[in-house]
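First up is the structure itself, then whatever we jot down about it.
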Amino acid sequence: MNIRLNVVAAKTIIRKEIVRVLRIWVQTIVPPAITMTLYFIIFGNLIGRRIGSMDGFDYMQYIAPGLIMMSVITNSYGNVVSSFFGAKFGRHIEEMLVAPMSYATIIIGHVAGGVLRGLLVGLLVTIIALFFTRLTVAHPLVVVLTPLTYLGGVFYSISMLPEFWQNVSKANPILYMVNAFRYGILGTSDISIGHAYAILIVFVVVLFTSCMYLMQRGIGIRE
Amino acid sequence: MVTIRDLMKALSITNLTKTYSNGNQALKGIDLSVESGDFYALLGPNGAGKTTAIGIVTSLVNKSGGEVEVFGHSIDSELEAAKACIGIVPQEVNLNLWESVGNIVRNQAGYYGLHGKLAKQRVEKYLRALRLWDRRDHIARSLSGGMKRRLMIARALVHEPRLLILDEPTAGVDIEIRRSMWEFLQEINEAGTTIILTTHYLEEAESLCRHIAIIDEGRIIEDARMSDVLRKLQREVFVLSLTEELPEAPALDGFMARLRGDRELEVEKGPDCDLNDLFVQLNARNIHVSSLRNKANRLEELFMRLVDSKQQEAEL
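Have a look at this one:
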């Protein structure tokens, strides 16, 4: 593999993704920022006052890391999906498929682009209050991701769940991301930090390997 | 200095087969060999297998069997090296229509490992060459059909490939732009780039290409130098416009003549006759010709004959 070529190609994909996110910022940045701000207002302020404290923190404080992480995760995921599938249906994915970069570079470039959008939105969620009135346009694939976020311990400690749902939650990678981040912000977590990172690494390896397999076989992108 | 790589075949295809999941056998074992520096035409009707063959060479389609080598690099064992040699202009527009013209070409440079000053120079060089530099900040969606075609050529050339494959690049392009694209392609071919062209405009292949392969129903039915192919043509048909009406077609020695309307005469010329002889005979009969044109494109005629003879063979 030509490492230099692949580094340049990965940087190019990341740059392309950033240009795309900024070009359509009204669709990529504003709606998730508004959505998360509404979460803060509704769950944190209105409902949270009735709930009281959790793990020694007031409810608004408790859900803040989860909401930030949730915005990072959903936007990272949504960006990769919309960009990659947009390229597939517009057929300009062929620009990348005919080029001599590796399939790993294509995956890494898109994941990095998605993470950058997630971080940008996550940053905004921490600083934006209620300046907007528009509601977000939901992405269809969020249908899959959104239920995961509700079992991801964003709004509660999983110790409050019945044992069955605690076990279901433990199969959800978002639980580990939210708890690791909450641990970083508040110093409290449902899962030990070492355990959370170990599980996340396993998820990354399994999902990356699956993506590589799909790309190499050309499933859905080559006949 | 000529290197061993230069002496290699630009493209070598051996017994290439492709059967799609719906059972359609698009390629039934084709063999092709394209010399380095050649300008090669791949002709065939819709559904003949041209785009499938190109798709396999450029790794957009998985092959079912056979071997493909690009400048000696097998697409099975050295795919990335093979890809680096190829520039592809697809049949259908596959641009990101919301991306700017400049970014499309610049991104493609990046995918091939070009960056910084070199990438910028190449982007400018090819956007200027394809007369798109003034449009570099416009989104691709705002371009006309001809401009989109030119943009796809600029994108394919930005890494200066040794083999340029164009799948019907002038479809839907007006005559003026088509001619300027022909000139441009001839220039880059003369500069050393091997070009493979598929086209429905047979005149295009005859004007540009030195070698021709004809593919029909997944099989190569002709593969030869253009001059040899044209030499195979036995007869040509001319349409003469006459200054006066004729009651019936004249009997001409060595020619077959028939009337096409009142003042048009269709004359079929054999390989051993020349047009001077035709005009001598017409003059002797006091028939005056105001203009003359070749009825059919010669390649088109050849193509139809080859396809017909294959069908007749199949019926027998």
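If you're matching them up, the sequences are chains W and P in order. Just so you know, we're using the numbering used here here: the first sequence kicks off at 29 and counts up by one. Just so you know, we're using the numbering used here here: the second sequence kicks off at -1 and counts up by one. Every residue gets a Cβ at the ideal spot worked out from N, C-alpha and C, and that includes glycine.
Taking the beta strand (DSSP E) that T12 (chain P) belongs to, which residues open and close that run? Position 14 of the second sequence holds residue 12 (chain P). T12 (chain P): member of the beta strand (DSSP E) spanning 7 to 17, first to last residue.
8 Å is my cut-off, CB to CB: does K48 (chain P) come that close to chain W? What you label residue 48 (chain P) is simply residue 50 of the second sequence in a count that begins at 1. Chain W, which has no Cβ nearer than 8 Å to the Cβ of K48 (chain P), makes this no.
Quick one: which chain P residues come within Cβ less than 9 Å of G106 (chain W)? Taking the first sequence and counting its residues from 1, one reaches residue 106 (chain W) at position 78. Ordered by position in chain P, no residue passes the 9 Å Cβ test against G106 (chain W), which lies about 17 Å from the chain.
Can you tell me which of the three DSSP states L116 (chain P) falls into? In the second sequence, counting from the first residue as 1, residue 116 (chain P) sits at position 118. In the structure shown, L116 (chain P) sits in a helix (DSSP, three-state: H, G or I).
Let me know the secondary structure DSSP gives V265 (chain P) once reduced to three states. Mapped onto the second sequence, residue 265 (chain P) falls at position 267. The three-state reading of DSSP puts V265 (chain P) in strand, counting E and B together.
Got a sec, what are the start and stop residues for the alpha helix (DSSP H) Q244 (chain W) sits in? Taking the first sequence and counting its residues from 1, the one referred to as residue 244 (chain W) is at position 216. Run containing Q244 (chain W): 221 to 245, per the alpha helix (DSSP H) assignment.
Coil, strand or helix - L173 (chain W) by DSSP: In the first sequence, counting from the first residue as 1, residue 173 (chain W) sits at position 145. Because the pLDDT of L173 (chain W) is 48, which lies under 50, any placement of that residue in the model is unreliable, and the question is left without a value.
Rounded C-beta distance between I194 (chain P) and L40 (chain P)? I'm assuming under 8 Å. Taking the first residue of the second sequence as 1, we reach residue 194 (chain P) at position 196. Taking the first residue of the second sequence as 1, we reach residue 40 (chain P) at position 42. For I194 (chain P) against L40 (chain P), the beta-carbon gap comes to about 6 Å, under 8 Å, which counts as contact.
Does the beta-carbon of S75 (chain P) have 16 or more other beta-carbons within 10 angstroms, so that it is buried, or is it exposed? Sequence index remark: in the second sequence, residue 75 (chain P) carries index 77 (1-based). So S75 (chain P) ends up on the exposed side.
Looking at the secondary structure, which residues open and close the beta strand (DSSP E) in which Y38 (chain P) lies? Position 40 of the second sequence, counted from the first residue, corresponds to residue 38 (chain P). Y38 (chain P): member of the beta strand (DSSP E) spanning 37 to 41, first to last residue.
Segment contact, 8 Å Cβ cut-off, at least three pairs: the stretch 90 to 108 of chain P with the stretch 143 to 158 of chain P: Cβ pair count under 8 Å is three or more, so yes.
Looking at chain P, is there any beta carbon in it that lies within less than 8 Å of the beta carbon of A140 (chain W)? Your numbering for residue 140 (chain W) matches position 112 in the first sequence. With 8 Å as the cut-off, A140 (chain W) does not count as an interface residue toward chain P.
With a cut-off of 8 Å, do at least 3 Cβ pairs link the stretch 62 to 79 of chain W to the stretch 92 to 100 of chain W? By the criterion of at least three beta-carbon pairs nearer than 8 Å, the stretch 62 to 79 of chain W is in contact with the stretch 92 to 100 of chain W.
Any idea if Y124 (chain P) is buried or exposed, counting beta-carbon neighbours within 10 angstroms, 16 or more meaning buried? Residue 124 (chain P) sits at position 126 when you count from the first residue of the second sequence. Buried, because 16 or more other Cβ atoms sit within 10 Å of the Cβ of Y124 (chain P).
When DSSP labels each residue in this structure, what does Q89 (chain P) get in the three-state scheme? One-based indexing of the second sequence puts residue 89 (chain P) at position 91. Three-state result, Q89 (chain P): coil.
Any C-beta of chain W under 8 Å from that of Y124 (chain P): Taking the second sequence and counting its residues from 1, the one referred to as residue 124 (chain P) is at position 126. Using a Cβ-Cβ cut-off of 8 Å, Y124 (chain P) does not count as an interface residue toward chain W, since no Cβ of chain W sits closer than that to its own.
Roughly how many whole angstroms lie between the Cα atoms of W53 (chain W) and A8 (chain P)? What you label residue 53 (chain W) is simply residue 25 of the first sequence in a count that begins at 1. What you label residue 8 (chain P) is simply residue 10 of the second sequence in a count that begins at 1. Cα to Cα, W53 (chain W) sits roughly 45 Å from A8 (chain P).
What are the boundary residues of the alpha helix (DSSP H) that includes T24 (chain W)? This structure gives no information on residue 24 (chain W), because the portion of chain W shown stretches from 29 to 251.
Note down, in chain order, each residue of its chain lying with its Cβ closer than 7 Å to the Cβ of A62 (chain P), except the 5 sequence neighbours on either side. Start at 1 with the first residue of the second sequence, and residue 62 (chain P) comes out as number 64. Going by the sequence as given, residue 62 (chain P) is Ser instead of Ala. Only T15, K16, T17 meet the Cβ criterion.
Using the beta-carbon of each residue, which ones in chain P are nearer than 9 Å to E251 (chain W)? Here the question's residue 251 (chain W) lines up with position 223 in the first sequence. By Cβ distance, chain P contributes K16, Y18, S19, T50, G53, L58, V59, N60.
Please confirm if A315 (chain P) has its CB atom under 8 Å from at least one CB of chain W. Within the shown structure, residues of chain P are numbered from -1 to 314, placing residue 315 (chain P) beyond reach of any answer.
I need the boundaries of the alpha helix (DSSP H) containing H157 (chain P), first residue and last residue. By one-based count along the second sequence, residue 157 (chain P) stands at place 159. Segment: none, H157 (chain P) is in no alpha helix (DSSP H) and carries neither H nor E.
Can you give me the Cβ contacts of V49 (chain W) inside the same chain, cut-off strictly under 8 Å, excluding the 5 residues immediately before and after it? Working through the first sequence from its first residue, we reach residue 49 (chain W) at position 21. Listed in chain order, the non-local C-beta contacts of V49 (chain W) below 8 Å within the same chain comprise T56, I57, N107, G141, L144, R145, L148, local neighbours out to five positions each way being set aside.
Quick one: grab the DSSP three-state call for A260 (chain P). Position 262 of the second sequence holds residue 260 (chain P). It should be pointed out that residue 260 (chain P) corresponds to Asp in this sequence rather than to Ala. Assignment of D260 (chain P) by DSSP, reduced to helix, strand and coil, places it in the coil class.
Per DSSP, what kind of secondary structure is A152 (chain P) in: helix, strand or coil? In the second sequence, the residue the question calls residue 152 (chain P) occupies position 154. A152 (chain P) carries a helical assignment under DSSP once its states are collapsed to helix, strand and coil.
Along chain P, which residues have their Cβ under 7 Å away from the Cβ of T40 (chain W)? For the purposes of this step, residue 40 (chain W) is taken as the residue at position 12 of the first sequence. N105, G108, Y109, listed in chain order.
Under a three-way DSSP split, which group does A199 (chain W) fall into? Taking the first sequence and counting its residues from 1, the one referred to as residue 199 (chain W) is at position 171. In the structure shown, A199 (chain W) sits in coil (DSSP, three-state: anything other than H, G, I, E or B).
Cut-off 7 Å between Cβ atoms - residues of its own chain near G144 (chain P), not counting five sequence neighbours on either side: Numbered from its first residue, the second sequence carries residue 144 (chain P) at position 146. Beyond the five residues adjoining it in sequence on each side, G144 (chain P) comes within less than 7 Å, by CB distance, of V171, D172, I175 in the same chain, given in chain order.
Going along chain W in order, which residues have a C-beta closer than 7 Å to the C-beta of I86 (chain P)? Taking the first residue of the second sequence as position 1, residue 86 (chain P) is located at position 88. Listed by position along chain W, the residues whose Cβ is nearer than 7 Å to that of I86 (chain P) are V126.
Relative to chain P, which residues along the stretch 95 to 122 of chain W have a C-beta separation below 9 Å, given in chain order? Answer set for the stretch 95 to 122 of chain W: G114, A115, G118, R119, H120, I121, E122.
Among the candidates P:S19, P:A24, P:N20, whose CA atom is the shortest distance from the CA of N13 (chain P)? Along the second sequence, read from residue 1 onward, the residue named residue 13 (chain P) stands at position 15. When only C-alpha atoms are compared, the closest one is P:A24.
According to DSSP, what are the bridge partners of E33 (chain P)? Here the question's residue 33 (chain P) lines up with position 35 in the second sequence. In DSSP, E33 (chain P) forms a bridge with P:K7.
Grab the span of the alpha helix (DSSP H) containing S111 (chain W) for me, first residue to last. Here the question's residue 111 (chain W) lines up with position 83 in the first sequence. Counting along the chain, S111 (chain W) sits inside the alpha helix (DSSP H) bounded by residues 87 to 118.
For L238 (chain P), write down the residues that DSSP places opposite it in a beta bridge. Within the second sequence, numbered from 1, the residue matching residue 238 (chain P) stands at position 240. Paired residues: P:L263, P:L290.
8 Å contact criterion, which T197 (chain P) and E166 (chain P) should meet: CB distance rounded: For the purposes of this step, residue 197 (chain P) is taken as residue 199 along the second sequence, with counting starting at 1. For the purposes of this step, residue 166 (chain P) is taken as residue 168 along the second sequence, with counting starting at 1. About 6 Å; that satisfies the 8 Å criterion.
For L152 (chain W), I'd like the list of residues in its chain whose CB is within less than 6 Å of its CB, leaving aside the five on either flank, ordered along the chain. Here residue 152 (chain W) refers to the residue found at position 124 when the first sequence is read from its first residue. Answer for L152 (chain W): A61, listed in chain order.
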